[in-house]
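Heads up: the sequence shown at position 135 corresponds to 156 in the working numbering, and the numbers run straight through without jumps. Quick reminder that beta carbons are idealized off the backbone N, C-alpha and C, glycines included. Single-structure report; data block below.
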Amino acid sequence: MPAVTKPQNQKGDVLVDYEEKVFEDVKAEPGEKALVTFHTVAFEGSIGLVNLLQATRLLRKGFETSVLLYGPGVTLGVQRGFPTLGDEAFPGHQAMNKQIVKFMEEGGKVYACRFALQALYGHGEGALIPGIRPISPLDVLDIVLLHRKANAFILNTWTL
């Protein structure tokens with residue numbers, strides 16, 4: 022058996038070069054828009070949280086940024102908690118909710134499909150995190166097309 026001679030990693034060790042940035046830091050030109058769509062179930066993988074962080078980053082880069090929650094994506098926008106709404110049942114339980122609130126506080130817009138809310142998941146508009154705008158299922162395609170017409174950056178988030 023080969024002997025391991027490297028000392029065990031210690032808290033505070035640096036394992037990668039986290040300071041090197043390879044690409045220029047792109048900022049939005051005035052009036053540029055971005056849309057991040059979510060067709061993913063909350064807590065089924067990391068994509069919901071990761072792309073909410075990306076949406077916040079786009080906002081901070083100067084893009085007028087919107088988030089679209091449709092299909093199972095509406096589950097990202099409902100209030101949750103246990104034993105009562107707002108309570109964090111375990112560390113990170115409210116991470117997505119908190120990120121959506123932070124995104125909206127910084128000027129981002131969030132839209133949720135009414136059809137998915139009621140027909141698919143049995144929620145009413147009152148279940149949404151305050152500040153999320155419910156929209157008609159007919160608006161789901163139109164928000165994407167409007168962003169396309171505006172030459173916006175569009176990041177589509179899906180899980181299967």
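Would Leu97 pass as a contact of Gly129 if the rule is Cβ separation under 7 Å?
Not in contact: Leu97 and Gly129 (Cβ atoms no closer than 7 Å).
Quick check: the Cα distance between Gly113 and Val57, rounded to an integer number of angstroms?
22 Å
Using only alpha-carbon positions, find the residue among Asn177, Glu127 and Ile156 that is nearest to Arg81.
Glu127
Counting along the chain, where does the beta strand (DSSP E) carrying Val131 start and finish?
Lys130 to Cys134
Could you tell me the distance, in whole angstroms, from the CA atom of Cys134 to the CA atom of Val99?
12 Å
On the DSSP bridge assignment, give the partners of Glu15 in chain order.
Residue 15 lies beyond the stretch modelled for the chain, which goes from 22 to 181, so this question has no answer here.
Identify, in the order they occur along the chain, each residue of the same chain with its Cβ nearer than 6 Å to the Cβ of Val88, setting aside the five sequence neighbours on each side.
Taken in chain order, the residues that qualify are Val57, Ala76 and Val131.
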